[in-house]
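Undergrad:
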Ligand code: FES
């Protein structure tokens with residue numbers, strides 16, 4: 087059975103052109119850019135070219151990009167590095183209730199270290215409330231960290247408006263663009279963003295590498311100390327194959343974004359309307375229009391997400407869920423709670439994230455099996471009203 | 267992550283449904299992750315003559331419900347009261363540690379259904 091991967095937010099395969107360009111850097115081109123003989127020079131050039139490639143995806147200058155071990159490190163560096171460096175100016179940090187754990191947990195840590203943290207609520211579509219941002223920010227605020235678009239519910243945030251508010255108080259704006267990059271156009275200059283995190287794998291590049299855009303002049307200090315690589319902000323020998331691979335992935339993404347996003351949007355909308363039309367008491371999570379092209383998040387009343395995923399898995403489809411039963415902590419997804427879903431409704435959420443390999447027939451296949459799966463699980467559930475079982 | 271036995275019971279749950287005029291009904295909620303299960307029993311000559319379940323929960327919760335009903339069916343009330351979550355998990359070839367609490371649900375539901383039956387008998 088050929089598997090249908092509809093969980094691209096968890097993992098993506100690496101683009102073949104990316105693998106190809108990486109290969110020599112594992113063997114003949116193994117130089118260390120800190121050395122001064124020719125192989126070292128070659129490695130240094132490779133990194134500088136890569137900076138250019140990543141910068142062009144987001145409209146940055148190449149000297150504003152530094153490479154990290156992934157988006158988690160980028161988020162940590164941005165948040166902890168800016169907070170500590172600017173502590174004399176203030177101690178207030180702002181974020182939202184729908185951030186990734188790699189933003190939430192550094193903020194929690196800083197909260198314990200004496201910083202004050204505020205989390206801006208979102209509406210039922212997952213859009214950050216600008217009025218609350220205005221009310222919350224003050225002269226003591228040094229940093230706001232918000233997500234460009236949430237990968238779980240797909241909602242795209244009003245970054246430019248947030249940026250205006252944040253800069254009116256002279257605070258820095260960090261944006262986690264991991265889910266958005268490569269799917270929607272991002273321009274750090276137009277949006278006036280100070281720091282922005284990127285992940286390589288989310289662009290179909292290798293895992294274990296990411297980048298942080300840091301606008302020229304931003305006051306930030308490192309979180310990893312050592313040999314002073316990456317302008318002293320990220321010590322440690324550079325992961326050259328990874329960096330070269332990420333840049334290639336970014337370049338391919340920029341080139342294909344318009345066509346690929348249009349293609350995915352059409353598939354996404356077919357899947358959403360197909361489900362909502364054929365399955366009663368199913369609802370879309372996240373924003374109906376301000377939505378990532380690859381994101382489909384639906385909740386089904388009366389059933390639980392893990393059993394949905396298992397059932398789909400048995401029929402060859404990979405998907406994911408924000409149900410408490412699928413999480414390590416046995417807590418439902420904080421994002422689904424933040425948009426106001428009660429516990430039992432968060433339970434029945436099902437997340438499909440589309441990607442490059444998906445075709446129309448994949449969507450049709452899911453639409454052909456899902457009603458039966460939902461019906462079966464609803465039959466097992468004690469919560470399902472009798473009337474619903476009879477007429478579906 | 268699940269054993270073949272768990273997957274088998276998840277795919278083909280045994281004794282799924284309701285018993286309209288059951289002799290005992292036990293409903294338990296799972297305080298850990300918020301799931302729900304109901305067990306229905308029919309008693310004849312002190313034995314569990316028929317048993318059915320309904321579950322709102324994960325794959326492990328559905329599989330353990332199914333296995334519990336299989337283990338309990340035909341047993342005397344005293345024997346059925348002795349079925350523990352361990353028995354259920356063992357019969358399923360083990361459960362991932364994070365899923366052990368789900369097996370609690372089924373055994374507890376069974377015991378509650380029996381207690382419900384006993385209370386009704388006393389009243390008569
Ligand atoms: S019922 Fe929630 S984890 Fe099993």
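Protein chains in written order, with my numbering: chain A, 87 to 478; chain B, 267 to 390.
We treat Cβ as the ideally placed atom computed from N, Cα and C, and that holds for glycine.
Measuring alpha carbon to alpha carbon, tell me which of A:198, A:167, A:463 ends up nearest residue 329 of chain B.
TA: The residue labelled residue 329 of chain B in the question sits at position 63 within the second chain. Sorting A:198, A:167, A:463 by C-alpha distance to the C-alpha of residue 329 of chain B places A:463 at the top.
Undergrad: If we define contact as Cβ-Cβ less than 8 Å, is residue 119 of chain A a contact residue for chain B?
TA: Residue numbering aside, residue 119 of chain A sits at position 33 when the first chain is read from its first letter. By this cut-off, residue 119 of chain A is not an interface position.
Undergrad: Report the partner residues of residue 252 of chain A according to the DSSP bridge assignment.
TA: Taking the first residue of the first chain as 1, we reach residue 252 of chain A at position 166. BP columns for residue 252 of chain A are empty, so no partner.
Undergrad: I need the straight-line Cα distance from residue 282 of chain B to residue 276 of chain B, nearest angstrom please.
TA: Numbered from its first residue, the second chain carries residue 282 of chain B at position 16. Numbered from its first residue, the second chain carries residue 276 of chain B at position 10. Distance between the alpha carbons of residue 282 of chain B and residue 276 of chain B is about 11 Å.
Undergrad: Nearest CA to the CA of residue 196 of chain A: which residue from A:210, A:183, A:179, A:205?
TA: In the first chain, counting from the first residue as 1, residue 196 of chain A sits at position 110. Selected option, being the one with the closest Cα: A:179.
Undergrad: With a threshold of 8 Å, are at least 3 pairs of Cβ atoms found where one atom belongs to the stretch 305-312 of chain A and the other to the stretch 109-118 of chain A?
TA: A contact between stretches requires three or more CB pairs, one per stretch, nearer than 8 Å, and the stretch 305-312 of chain A fails this requirement with the stretch 109-118 of chain A.
Undergrad: Do residue 305 of chain B and residue 376 of chain B have their beta-carbon atoms positioned less than 8 Å apart in this structure?
TA: Counting from 1 along the second chain, the entry for residue 376 of chain B is found at position 110. Counting from 1 along the second chain, the entry for residue 305 of chain B is found at position 39. Judged by their CB atoms, residue 376 of chain B and residue 305 of chain B are nearer to each other than the 8 Å cut-off.
Undergrad: Label residue 473 of chain A either buried or exposed according to how many other C-beta atoms from any shown protein chain fall within 10 Å of its C-beta, with 16 as the threshold for buried.
TA: If you number the first chain from 1, residue 473 of chain A lands on position 387. Counting Cβ neighbours within 10 Å, residue 473 of chain A comes out exposed, since fewer than 16 surround it.
Undergrad: Would residue 136 of chain A and residue 117 of chain A be called neighbours here (beta carbons separated by less than 8 Å)?
TA: Counting from one through the first chain, the residue named residue 136 of chain A turns up at place 50. Counting from one through the first chain, the residue named residue 117 of chain A turns up at place 31. Not in contact: residue 136 of chain A and residue 117 of chain A (Cβ atoms no closer than 8 Å).
Undergrad: Straight-line CA distance for residue 408 of chain A to residue 391 of chain A?
TA: Taking the first residue of the first chain as position 1, residue 408 of chain A is located at position 322. Taking the first residue of the first chain as position 1, residue 391 of chain A is located at position 305. Whole-angstrom Cα-Cα distance: 7 Å.
Undergrad: Does the pairing of the stretch 281-294 of chain A with the stretch 317-332 of chain A give three or more beta-carbon distances under 8 Å?
TA: yes
Undergrad: Any idea if residue 375 of chain A is buried or exposed, counting beta-carbon neighbours within 10 angstroms, 16 or more meaning buried?
TA: Here residue 375 of chain A refers to the residue found at position 289 when the first chain is read from its first residue. Residue 375 of chain A should be labelled exposed.
Undergrad: Rounded to the nearest angstrom, how far is the Cβ of residue 326 of chain B from that of residue 361 of chain B, given a contact under 8 Å?
TA: For the purposes of this step, residue 326 of chain B is taken as residue 60 along the second chain, with counting starting at 1. For the purposes of this step, residue 361 of chain B is taken as residue 95 along the second chain, with counting starting at 1. Yes, residue 326 of chain B and residue 361 of chain B are in contact; Cβ-Cβ is about 6 Å, under 8 Å.
Undergrad: Taking only beta-carbon positions, decide if residue 393 of chain A is within less than 8 Å of chain B.
TA: As a first step, residue 393 of chain A is located in the first chain; it is residue number 307 there, counting from the start. It does; some Cβ of chain B falls within 8 Å.
Undergrad: For the candidate residues A:242, A:281, A:263, A:226, whose alpha-carbon lies nearest to that of residue 255 of chain A?
TA: On the first chain, position 169 is the one that residue 255 of chain A refers to. When each option's Cα is compared against that of residue 255 of chain A, the closest is A:226.
Undergrad: When every heavy atom of the ligand SAM is checked, does at least one fall within less than 7 Å of the C-beta of residue 416 of chain A?
TA: Absent from the structure shown: the ligand SAM. Ligands present: the ligand FES.
Undergrad: Within a Cβ cutoff of 7 Å, which residues of the same chain sit near residue 238 of chain A, ignoring the five residues on either side of it in sequence?
TA: The sequence position of residue 238 of chain A within the first chain is 152, counting from 1. Here the set comprises 383, 408, 419, 421, 437.
Undergrad: What alpha helix (DSSP H) runs, 4 residues minimum, are completely inside the stretch 375-400 of chain A?
TA: 391-400
Undergrad: What residue from A:211, A:340, A:193, A:213 has the CA that sits closest to residue 204 of chain A's CA?
TA: The residue labelled residue 204 of chain A in the question sits at position 118 within the first chain. For the residues A:211, A:340, A:193, A:213, the minimum Cα distance to residue 204 of chain A belongs to A:193.
Undergrad: Could you tell me if residue 187 of chain A is buried or exposed, where buried requires 16 or more neighbouring beta carbons within 10 angstroms of its beta carbon?
TA: As a working note, residue 187 of chain A is residue 101 in the first chain. Result: exposed.
Undergrad: From the beta carbon of residue 334 of chain B, is the nearest beta carbon of chain A less than 8 Å away?
TA: If you number the second chain from 1, residue 334 of chain B lands on position 68. No - not a single Cβ of chain A is within 8 Å of the one on residue 334 of chain B.
Undergrad: Measure from the alpha carbon of residue 300 of chain A to the alpha carbon of each residue in A:127, A:107, A:148, then state which is nearest.
TA: Within the first chain, the letter at position 214 stands for residue 300 of chain A. For the residues A:127, A:107, A:148, the minimum Cα distance to residue 300 of chain A belongs to A:148.
Undergrad: By a C-beta neighbour count over all protein chains shown, 10 Å radius and 16 as the cutoff for buried, is residue 278 of chain B buried or exposed?
TA: As a first step, residue 278 of chain B must be located in the second chain, where it is residue number 12. Exposed is the call here.
Undergrad: For chain B, check one thing: does any of its Cβ atoms lie closer than 8 Å to the Cβ of residue 100 of chain A?
TA: By one-based count along the first chain, residue 100 of chain A stands at place 14. Not closer than 8 Å to any Cβ of chain B, the Cβ of residue 100 of chain A fails to qualify, so no.
Undergrad: Can you grab the Cα-Cα spacing for the pair residue 379 of chain B / residue 290 of chain B, in whole Å?
TA: Within the second chain, numbered from 1, the residue matching residue 379 of chain B stands at position 113. Within the second chain, numbered from 1, the residue matching residue 290 of chain B stands at position 24. For residue 379 of chain B and residue 290 of chain B, the distance between alpha carbons rounds to 5 Å.
Undergrad: Write down the C-beta distance between residue 324 of chain B and residue 393 of chain A rounded to the nearest angstrom, noting that I regard them as a contact closer than 8 Å.
TA: In the second chain, residue 324 of chain B corresponds to position 58, counting from 1. In the first chain, residue 393 of chain A corresponds to position 307, counting from 1. Contact holds; Cβ gap of about 6 Å.
Undergrad: Which of the residues in the stretch 314-325 of chain B, read from start to end, lie with their CB under 8 Å from any CB of chain A?
TA: Under the 8 Å Cβ criterion, the stretch 314-325 of chain B contributes 320, 321, 322, 323, 324, 325.
Undergrad: How many angstroms separate the CA atom of residue 267 of chain B from the CA atom of residue 141 of chain A?
TA: Taking the second chain and counting its residues from 1, one reaches residue 267 of chain B at position 1. Taking the first chain and counting its residues from 1, one reaches residue 141 of chain A at position 55. Spanning the two alpha carbons is a distance of roughly 41 Å.
Undergrad: Going along the chain, which residues of the stretch 345-360 of chain B sit with their C-beta nearer than 8 Å to a C-beta in chain E?
TA: Any reference to chain E falls outside this structure, whose protein chains are A and B.
Undergrad: With DSSP collapsed to three states, give me the class of residue 319 of chain B.
TA: Translated into positions along the second chain, residue 319 of chain B becomes position 53. Strand at residue 319 of chain B.
Undergrad: For a contact meaning CB atoms closer than 9 Å, what does residue 467 of chain A contact in chain B?
TA: Taking the first chain and counting its residues from 1, one reaches residue 467 of chain A at position 381. What residue 467 of chain A touches in chain B: 302, 320, 321, 322, 323.
Undergrad: Measuring CB atoms only, is the stretch 244-260 of chain A touching the stretch 216-236 of chain A, in the sense that at least three cross pairs come out at less than 8 Å?
TA: yes
Undergrad: How would you list, in chain order, the residues of chain B whose beta-carbon sits under 9 Å from the beta-carbon of residue 414 of chain A?
TA: Against the first chain, residue 414 of chain A aligns to sequence position 328. Ordered by position in chain B, the residues that pass the 9 Å Cβ test against residue 414 of chain A are 364.
Undergrad: If you count every other CB in all the chains shown that lies within 10 Å of the CB of residue 122 of chain A, and 16 or more means buried, which is it?
TA: Taking the first residue of the first chain as position 1, residue 122 of chain A is located at position 36. Around the beta carbon of residue 122 of chain A, fewer than 16 other beta carbons lie within 10 angstroms, which makes this residue exposed.
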